[in-house]
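S.K.: Attaching a single structure in structure tokens format; questions to follow.
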Amino acid sequence: MMKEENPQSKQFWDGVWNEEWDRDFWKRVAPEIVELIQSQIPSRRPEVLDLGCGLGRNAVAFAQAGFSVTATDLSTAAIAHLREWATQLDLPMRTLVCDFTRVVFPPESFDIAISVNVLYHSYQEQLARAVDNVQNWLKKGGIFYFTCPTREDGDYGKGIERAPHTFEMEPGHMHYCADESDLDRWLAGFDLLSRKKRDHHWNEEGIPRFSSRWQVLAEKS
């Protein structure tokens, strides 16, 4: 079941995923996801939700490892790319175009849920509600992995501050930056397995850039 999408955010992300220049980067699976896949057994935790899948790198990796995958994204362009990619690889996969703040699944539908570089593209209240929804959708003992910028992130303070620690970088492109108290509050219904802060420095066309991300792994209590 899905409710109406956010038109401005949808327009922004369709524009991002229609671009060809950086697709190879966004199709590389992060080492943390590889480790997560290797730590799980499909026969024990078969149902995986990729909430905000983008071009589908993580959804494809889970499907190739034998998991049953449901992948969602706000962007029609992203889901179209994933559907074509999955077809080329002969991978069965359920795909949905939907806003992560509005999609609804039955309780206890999934064994694993991931949301990589997604949930923070919203207001804090929407992010907290999304985590609550994931908790409801996961089976008892289900695994949840997500990432979110820290307040040390290089983009903190850029754009228009729409709410505390919430910045609109471009129309439809929101960033909420979290601290430890946010994570503790959001994950009240989970047992925390791992919380890491990953900092990354790089140059973009000669301009120094810096990102700081929470990498969180939790288990539904």
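For the sequence shown, my numbering puts the final residue at 224, and the numbers step up evenly by one. All C-beta atoms, glycine included, are put in the ideal place defined by N, C-alpha and C. Keep in mind it's a predicted model, so treat the numbers as computed, not measured.
Nearest-angstrom Cα distance between Lys143 and Ala62?
M.R.: Start at 1 with the first residue of the sequence shown, and residue 143 comes out as number 140. Start at 1 with the first residue of the sequence shown, and residue 62 comes out as number 59. Cα to Cα, Lys143 sits roughly 22 Å from Ala62.
S.K.: Determine, using beta-carbon pairs with one atom in the region 93 to 108 and one in the region 69 to 77, whether at least three such pairs fall under 8 Å.
M.R.: Touching, yes.
S.K.: His203 by DSSP, collapsed to three states: which one?
M.R.: On the sequence shown, residue 203 is found 200 positions in, with the first residue counted as 1. DSSP places His203 in strand when its eight states are reduced to three.
S.K.: Quick check: the Cα distance between Trp217 and Asn120, rounded to an integer number of angstroms?
M.R.: Here residue 217 refers to the residue found at position 214 when the sequence shown is read from its first residue. Here residue 120 refers to the residue found at position 117 when the sequence shown is read from its first residue. Their backbone Cα atoms lie some 10 Å apart in a straight line.
S.K.: Tell me the DSSP bridge mates of Ala166?
M.R.: Position 163 of the sequence shown, counting from 1, holds the residue named residue 166. The partner list for Ala166 (beta bridge, DSSP) reads Thr169.
S.K.: Please classify Glu164 as buried or exposed, where buried requires at least 16 other C-beta atoms within 10 Å of its C-beta.
M.R.: For the purposes of this step, residue 164 is taken as the residue at position 161 of the sequence shown. When all chains shown are included, Glu164 counts as exposed.
S.K.: If we count the other Cβ atoms within 10 Å of its Cβ and call it buried at 16 or more, is Trp205 buried or exposed?
M.R.: By one-based count along the sequence shown, residue 205 stands at place 202. The residue is exposed, with fewer than 16 neighbouring Cβ atoms inside 10 Å.
S.K.: I need the straight-line Cα distance from Phe113 to Ser224, nearest angstrom please.
M.R.: In the sequence shown, residue 113 corresponds to position 110, counting from 1. In the sequence shown, residue 224 corresponds to position 221, counting from 1. Cα to Cα, Phe113 sits roughly 14 Å from Ser224.
S.K.: May I ask which residues mark the beginning and end of the beta strand (DSSP E) holding Thr73?
M.R.: On the sequence shown, residue 73 is found 70 positions in, with the first residue counted as 1. That run of the beta strand (DSSP E) goes 71 to 76.
S.K.: What are the complete alpha helix (DSSP H) segments, minimum 4 residues, inside the region 50 to 106?
M.R.: Those alpha helix (DSSP H) runs which fall completely within the region 50 to 106 and span 4+ residues are 60 to 67, 79 to 91.
S.K.: Please report how far the alpha carbon of Ala83 lies from the alpha carbon of Ile210, in whole angstroms.
M.R.: On the sequence shown, position 80 is the one that residue 83 refers to. On the sequence shown, position 207 is the one that residue 210 refers to. Ala83 and Ile210: Cα-Cα distance of roughly 33 Å.
S.K.: Could you give the residue range of the beta strand (DSSP E) that holds Ala221?
M.R.: Taking the first residue of the sequence shown as 1, we reach residue 221 at position 218. Unbroken beta strand (DSSP E) run through Ala221: 210 to 223.
S.K.: Would you call the region 149 to 166 and the region 99 to 115 touching, i.e. three or more CB-CB distances under 8 Å?
M.R.: These segments do not touch.
S.K.: Using 10 angstroms around the beta-carbon of Asp202, count the other beta-carbons present and answer buried if the total reaches 16, otherwise exposed.
M.R.: In the sequence shown, the residue the question calls residue 202 occupies position 199. With fewer than 16 Cβ atoms within 10 Å of its Cβ, Asp202 is classed as exposed.
S.K.: Would you kindly report the start and end of the unbroken alpha helix (DSSP H) that includes Leu141?
M.R.: On the sequence shown, position 138 is the one that residue 141 refers to. First-last for Leu141: 141 to 152, but that is the beta strand (DSSP E), not the alpha helix (DSSP H).
S.K.: Is Asp185 helix, strand or coil by DSSP?
M.R.: Residue 185 sits at position 182 when you count from the first residue of the sequence shown. Here Asp185 sits in helix by DSSP.
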